[in-house]
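Asks: Attaching a single structure in structure tokens format; questions to follow.
There are 2 protein chains.
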Amino acid sequence: MEAGDISKGKPGFGANKGVSVLDFVLRIVAFVCTLGSAIAMGTTNETLPFFTQFIRFRARFNDLPTFTFFVVANSVASAYFILSLPLSIFHIVKSGAQNSRIVMVILDTVVLALVTAGASASAAIVYLAHKGNTRTNWFSICQQFNSFCERISGSLIGSFGAVVVLIILILLSAVALSRRP
Amino acid sequence: MEAGDISKGKPGFGANKGVSVLDFVLRIVAFVCTLGSAIAMGTTNETLPFFTQFIRFRARFNDLPTFTFFVVANSVASAYFILSLPLSIFHIVKSGAQNSRIVMVILDTVVLALVTAGASASAAIVYLAHKGNTRTNWFSICQQFNSFCERISGSLIGSFGAVVVLIILILLSAVALSRRP
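For the protein sequence lines, the chains are P and E, in the order given.
Residue numbers for the first sequence follow full-length UniProt numbering, beginning at 1 and rising by one.
Residue numbers for the second sequence follow full-length UniProt numbering, beginning at 1 and rising by one.
If you want it as structure tokens, here you go:
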């Protein structure tokens, strides 16, 4: 919301250029968020210090398919943010561009759906790992795999941050589209 | 994608009005999708025909908090779609409106995030109910609760349909914003 206020504060001074610069900065923030989430989740791996003759107690992120999806979704999103930076620079230079902004809104929307899907599906599984569910006999695994659970919980933060940034990015694009230079 | 083609097919004939009418129709579709999903999930309830002296085997949607979230998210979304219809009609009448379209884009984006979150979190749990996970000792419950599983799987369809419709709605708003009547 602050973002919108800043750009509205100086309507005389190339307002669309200000919106575009903010767009560029937010894309870098979103890139850092999603890349951080993907790396944090992708390197999660805990081996317990005790083991029996047959089993070694080990938890990795790809024991659960949902976390694999989370890593893929966040990697794709961070790649998209890097690839969209040139287009964002183009919008700073040529702030009257309309068609390329429409393309960007639709790509942003699809990436928003992707990142939200990954983050919330993982959040559902993380909740289950913490609390378990007695009705379905799915027990909490966080007593045993403590650092694993902390890591997977923490890696959600970046992803949810990226969701917020993407909503602001779509708002900024809508504001820029509604104006003529 | 067809949606965009239709409105672009007749650019001379009040293109923004065509976009607004399509917007109105798609909102009704999205309302039906989300309401259907909420009702289908919210009435899911299976009692198995056998029981012991102590336990009755019964599965309801609110045994799993994620499904409660799914019902709430879809109910809120369907209420939003009904409440946004007057604004959509206003856009048909006054197709040059810009500020109200920006408000609509941002609300659509937030609802998109909400519906996607509900649908994908539930999909993660439905997947677990079907397949189970051997590494965490979470076993499939679909052998016992067969009709419960079919019902929760089916109710996801409407929600994912609403996600697609919302992406198209945001695209339509972006197209309408980029034009002047």
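Even glycine gets a Cβ: it sits at the ideal position worked out from N, Cα and C.
Using a Cβ-Cβ distance under 7 Å, would E:D23 count as near chain P?
Replies: No - not a single Cβ of chain P is within 7 Å of the one on E:D23.
Asks: Taking beta-carbon pairs under 9 Å, can you tell me which members of the segment 36-52 of chain P lie near chain E?
Replies: Listed by position, the residues of the segment 36-52 of chain P near chain E (Cβ gap below 9 Å) amount to none.
Asks: Only counting the same chain, and skipping five residues up and downstream in sequence, which positions put a Cβ closer than 8 Å to that of P:I167?
Replies: For P:I167, where only same-chain residues beyond five positions count, the Cβ hits under 8 Å are L112.
Asks: Give me the DSSP bridge partner(s) of E:T47.
Replies: DSSP lists E:R58 as partners of E:T47.
Asks: Which residue from P:E46, P:T66 and P:A79 puts its Cα closest to that of E:S122?
Replies: When each option's Cα is compared against that of E:S122, the closest is P:T66.
Asks: Kindly indicate which residue of E:T109, E:L169 and E:G96 has the alpha-carbon position closest to the one of residue 195 of chain E.
Replies: Residue 195 of chain E is absent from the structure shown; chain E starts at 1 and stops at 181.
Asks: Check whether the Cβ of P:V76 lies closer than 7 Å to any Cβ atom in chain E.
Replies: Taking Cβ atoms only, chain E never reaches closer than 7 Å to P:V76, which makes this a no.
Asks: Just to confirm, are E:V19 and E:A176 a CB contact at a threshold of 7 Å?
Replies: It is a contact, given that the beta carbons lie within the stated cut-off.
Asks: State the Cα-Cα distance for the pair E:I39 and P:S178, rounded to the nearest angstrom.
Replies: In a straight line, the C-alpha of E:I39 is about 38 Å away from that of P:S178.
Asks: In chain P, which residues lie less than 8 Å from E:N16 when you measure between Cβ atoms?
Replies: Under the 8 Å cutoff, chain P gives no residues; its nearest Cβ is about 13 Å from E:N16.
Asks: Bridge partners of P:N146, per DSSP?
Replies: DSSP output for P:N146 lists no bridge partner at all.
Asks: Can you give me the Cβ contacts of P:R58 inside the same chain, cut-off strictly under 6 Å, excluding the 5 residues immediately before and after it?
Replies: Excluding residues within five positions, the ones whose Cβ falls inside 6 Å are T47.
Asks: Counting only the same chain and skipping the five closest in sequence on each side, list residues whose C-beta sits under 6 Å from that of P:Y80.
Replies: Result list for P:Y80: V111, in chain order.
Asks: Is it buried or exposed, E:I141, if we count other Cβ atoms within 10 angstroms and call 16 or more buried?
Replies: E:I141 comes out buried.
Asks: Considering only C-alpha positions, which residue in the set P:N16, P:L22, P:L171 and P:K17 is nearest to P:I106?
Replies: That would be P:L171, whose Cα lies nearest to the Cα of P:I106.
Asks: Need the endpoints of the alpha helix (DSSP H) that P:G42 sits in, please.
Replies: Looking at the DSSP string, the run of the alpha helix (DSSP H) that includes P:G42 is A15 to G42.
Asks: Give a yes or no on whether the C-beta atoms belonging to P:V29 and P:V165 are separated by under 7 Å.
Replies: Their beta carbons are under 7 Å apart, which means P:V29 touches P:V165 by this criterion.
Asks: Identify the contact partners of E:V71 in chain P, using a Cβ-Cβ distance below 9 Å as the criterion.
Replies: Under the 9 Å cutoff, chain P gives no residues; its nearest Cβ is about 14 Å from E:V71.
Asks: Using CA atoms only, rank isn't needed, just tell me which of P:V32, P:N45, P:S37 and P:D23 is closest to P:G154.
Replies: Closest by alpha carbon: P:S37.
Asks: Which residue marks the beginning of the alpha helix (DSSP H) containing P:N74, and which one marks its end?
Replies: Its alpha helix (DSSP H) spans residues P65 to V93.
Asks: Let's test the definition: count the other Cβ atoms within 10 Å of the Cβ of P:S84 and tell me whether it reaches 16, buried, or not, exposed.
Replies: It is buried - the Cβ of P:S84 has at least 16 other Cβ atoms within 10 Å.
Asks: Using a beta-carbon distance cut-off of less than 9 Å, what residues from the segment 119-131 of chain E approach chain P?
Replies: Hits within the stretch, in order: A119, S120, A121, S122, A123, A124, I125, Y127, L128, A129 and K131.
Asks: Counting only C-beta atoms, is P:S178 closer than 7 Å to chain E at any point?
Replies: By this cut-off, P:S178 is an interface position.
Asks: Starting from P:T116, follow the alpha helix (DSSP H) in both directions and report where the run begins and ends.
Replies: Counting along the chain, the alpha helix (DSSP H) containing P:T116 begins and ends at N99 to K131.
Asks: Let's test the definition: count the other Cβ atoms within 10 Å of the Cβ of E:I82 and tell me whether it reaches 16, buried, or not, exposed.
Replies: With fewer than 16 other Cβ atoms within 10 Å, it is exposed.
Asks: May I ask you to list, following chain order, the residues of the segment 98-121 of chain P that have a beta carbon less than 8 Å from some beta carbon of chain E?
Replies: For the segment 98-121 of chain P, which is checked against every Cβ of chain E, the residues closer than 8 Å are Q98, N99, R101, I102, V105, I106, T109, V110, L112, A113, T116, A117, G118, A119, S120 and A121.
Asks: Count the other C-beta atoms from every protein chain shown that fall within 10 angstroms of the C-beta of E:G96, then say buried if there are 16 or more, exposed otherwise.
Replies: With fewer than 16 other Cβ atoms within 10 Å, it is exposed.
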